[in-house]
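A.B. asks: Before I ask anything, here is the structure I am working with.
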Amino acid sequence: MVMSSPVEMKDSENISTQAAEWLVLMTDEENPPSAAQKQAFLDWKNRDPRHADAVDKLNAMLGGIQQLPRVASKAALSVSVNDRHHQHSWQTLAKTFVLLMVVFIPMLIWLPDSVTLIMADKKTDVGQWQSFTLADNSVITLSSDSAINVDFNNAQRTIDLLKGEMRVKVSKNPKRPFVVKTEHGSLTALGTEFSVAKRSDYSLLKVIESSVAATCQREGCDVKALHPGQQIRVYAEHLGKIADFNVSDASLIWDKHQLMVDGMSLTNVLTILNRFHHGYFYFDAQQLDNYHVSAVLPLDKPQEALALLADSLPIKVSTLTPWWTTITMASK
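According to my numbering, the sequence shown holds residues 18 to 349 in order.
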């Protein structure tokens, strides 16, 4: 067995500490790193193969930022940095206890939602598309990383969209309204085709055929009827304005798995593409929001889509690990 010398061990420890400090800086959402800091990190990482290896090992140890609440991952990194000079002290024990509280309390809050998704009636994995024929012969298609619950009775057909995006072709039955519910509101149709995408603060309804009635979660909320080629954002407290969309462009998403955008902000495009990628896209939304995209992008190949964006926009795409991709402004 080959033993490392004390000098090599100390050098390795310093590199691990530097890697932790860099990741704390790179993942700080309250004070996002500047373009100069991001470039400095990439320069440090490329300076020595051991630097990149240390970053990969630290990411692997944390188990992936996608799998834990980000505040927990950041806390873990911060404690590892702050404790490097107190590895055998009571302070370390105290900080370790605090770390466990910071990590596991958010996980306990996050766990019920995860269990709900695991137990969903129908769901898809990241990058997966799947169609289901329901008991009433309605057909639902789920896009990447989506989940629904189905609740049919003699009076009403209800779909709870728990996560992601769905398209539904409703089997007509005037005596049993077809209702899609999210945490933001409900959408009712007798016989029609439409799509619903659940976002963090609203749900987006797009009507492809016939009509759908939309209302928000708030008691006494208005009801708006939408017709083919119309869309609306449904917030928990109110309904947004009705707007038009191109039905043919929307059909590309479901039939060809392609995203056609005309003037959409780069941050919104990256957010959509990230839903179809197993890893995490890290970018400064405020910095990139001034750029707009008009293109047709392959949803099933998000890395190829990023390459197409980099060819036409002044951005740089850097892959730190298979599941961590950084999108920054390209240096002039």
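For glycine and all other residues, C-beta sits at the position ideal for the given N, C-alpha and C.
Computed from a prediction, not measured in an experiment: that's the story for all the values here.
Kindly list the residues whose CB is nearer than 6 Å to the CB of D168, restricted to its own chain and excluding five residues on each side of it in sequence; keep chain order.
C.D. replies: Looking up residue 168 in the sequence shown gives position 151. Cβ within range, chain order: T175.
A.B. asks: Below 8 Å on the Cβ atoms is my contact criterion, and I expect S220 with V251 to pass it. Report the Cβ-Cβ distance as a whole number of Å.
C.D. replies: Position 203 of the sequence shown, counted from the first residue, corresponds to residue 220. Position 234 of the sequence shown, counted from the first residue, corresponds to residue 251. Yes, they are in contact, since the Cβ atoms of S220 and V251 sit about 5 Å apart, within 8 Å.
A.B. asks: Helix, strand or coil: how does DSSP classify L151 here?
C.D. replies: For the purposes of this step, residue 151 is taken as the residue at position 134 of the sequence shown. Correct three-state label for L151: coil.
A.B. asks: Going by CA-CA distance only, name the one from Q303, A267, V310, A327 that's closest to D356.
C.D. replies: Residue 356 lies beyond the range of the chain shown here (18 to 349); nothing can be said about it.
A.B. asks: Who are the Cβ neighbours of H68 in its own chain at under 8 Å, not counting the five residues just before and after it?
C.D. replies: Taking the first residue of the sequence shown as 1, we reach residue 68 at position 51. Within the same chain, H68 has close Cβ partners I32, Q35, A36, W61, K62.
A.B. asks: Per the DSSP calculation, L222 is bridged to which residue(s)?
C.D. replies: In the sequence shown, counting from the first residue as 1, residue 222 sits at position 205. Paired residues: V213, I249.
A.B. asks: Please look up how many angstroms separate the CB atoms of I249 and G237, rounded, as I've assumed it's under 8 Å.
C.D. replies: Residue mapping note: residue 249 aligns to position 232 of the sequence shown, counting from 1. Residue mapping note: residue 237 aligns to position 220 of the sequence shown, counting from 1. Taking a contact as a CB-CB distance under 8 Å, the pair I249 and G237 does not count as one, their CB atoms being some 18 Å apart.
A.B. asks: Indicate the three-state DSSP secondary structure (helix, strand or coil) for R184 in the structure shown.
C.D. replies: By one-based count along the sequence shown, residue 184 stands at place 167. Note: R184 maps to strand in three-state DSSP.
A.B. asks: Contact between the segment 186-202 and the segment 271-289 is defined here as three or more beta-carbon pairs at a separation below 8 Å; is this criterion met?
C.D. replies: no
A.B. asks: Return the chain-ordered ranges of every alpha helix (DSSP H) run that is complete within the segment 272-324 and spans a minimum of 4 residues.
C.D. replies: 283-291, 302-305
A.B. asks: Pull up the distance between the alpha-carbon of V72 and that of L40, whole angstroms please.
C.D. replies: Within the sequence shown, residue 72 is the residue found at index 55, counting from 1. Within the sequence shown, residue 40 is the residue found at index 23, counting from 1. Looking at the two C-alpha atoms, the distance is approximately 8 Å.
A.B. asks: Near S348, what residues of its chain come up, given a Cβ to Cβ distance below 6 Å and the 5 sequence neighbours on each side ignored?
C.D. replies: Here residue 348 is taken as the residue at index 331 of the sequence shown, counted from 1. So the list is empty, once near-sequence residues are dropped.
A.B. asks: Could you tell me how far apart the beta carbons of D261 and Q247 are, in whole angstroms, since I believe they sit closer than 8 Å?
C.D. replies: The residue given as residue 261 occupies position 244 in the sequence shown. The residue given as residue 247 occupies position 230 in the sequence shown. About 6 Å separates the two Cβ atoms, so the contact holds.
A.B. asks: Can you give the beta carbon distance from P66 to D301, rounded, assuming they're within the 8 Å contact cut?
C.D. replies: The count along the sequence shown starts at 1 and reaches residue 66 at position 49. The count along the sequence shown starts at 1 and reaches residue 301 at position 284. Their Cβ separation, rounded to whole angstroms, is 28 Å, which puts P66 and D301 out of contact at 8 Å.
A.B. asks: From A322 to N171, what does the alpha carbon distance come to, in whole angstroms?
C.D. replies: Taking the sequence shown and counting its residues from 1, one reaches residue 322 at position 305. Taking the sequence shown and counting its residues from 1, one reaches residue 171 at position 154. About 45 Å.
A.B. asks: For G58, write down the residues that DSSP places opposite it in a beta bridge.
C.D. replies: As a working mapping, residue 58 is identified with position 41 in the sequence shown. It should be pointed out that residue 58 corresponds to Phe in this sequence rather than to Gly. In DSSP, F58 forms no bridge with anything.
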